[in-house]
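In the working numbering, the protein residues as written are 70 to 292.
Yeah, the Cβ is synthetic: ideal placement off N, Cα and C, and Gly gets one too.
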């Protein structure tokens, strides 16, 4: 049996969130004029804050504003590579690197499970030595261009656990994988915490810290 180590990305592996910085990184290098749309970006965040739009729609709107309705992979790849390089060099928690090394030494299969878009999470995971990535997908047209629309579900909350279960099945691991260790900083991952054999709260925000204490889950500081 193969033991698994499943990691969240934003504020678990990283000190800071990655999605908005990724879009700003792309806009600055590809079309700086898009930064003038920042007030519209802020307005969309307010709509999310008052629950007029959901988290997935917020992502689609901001993607369209800062990166465009579509982009060809040949134009996106250099942006992804440079963003992944900067993220791995300056936005990874020291404790995350130690945990990755420990799980590798134990022979675990390393899986990144994130609500972030796979279009850049894959590159970050590759640099950190992960074996697999589960994340939010993007619609790709017949012209190979990547659209600003989400393919399937936004990998957040219960949807993340559904996508992990789907990955387990498609990877032929149903009933065959061993012990599952799961790391996250956020209470939105409670469904996956409950499913895992060894849930670990990493630099948790207040709600998750309270939940971890009640449930007796380990709390780790990776700062």
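Item: Residues that residue 73 bridges to, as DSSP identifies them; Value: 178 and 249
Item: Proximity below 8 Å, CB of residue 127 to CB of residue 114; Value: yes
Item: Selection from 264, 70 and 91 that minimises the alpha carbon distance to residue 189; Value: 91
Item: Beta-carbon contacts of residue 226 that lie in its chain and below 6 Å, excluding the five residues immediately before and after; Value: 257
Item: Interface flag, residue 185 vs chain C, CB-CB below 8 Å; Value: This model lacks chain C altogether, as it is built from one protein chain only.
Item: Separation of residue 179 from residue 169, as counted between CA atoms; Value: 8 Å
Item: Residue from 99, 166, 143 and 100 with nearest C-alpha to residue 290; Value: 166
Item: Under the three-state DSSP convention, the category residue 268 falls into; Value: strand
Item: Straight-line gap, residue 109 to residue 99 (C-alpha atoms, nearest Å); Value: 19 Å
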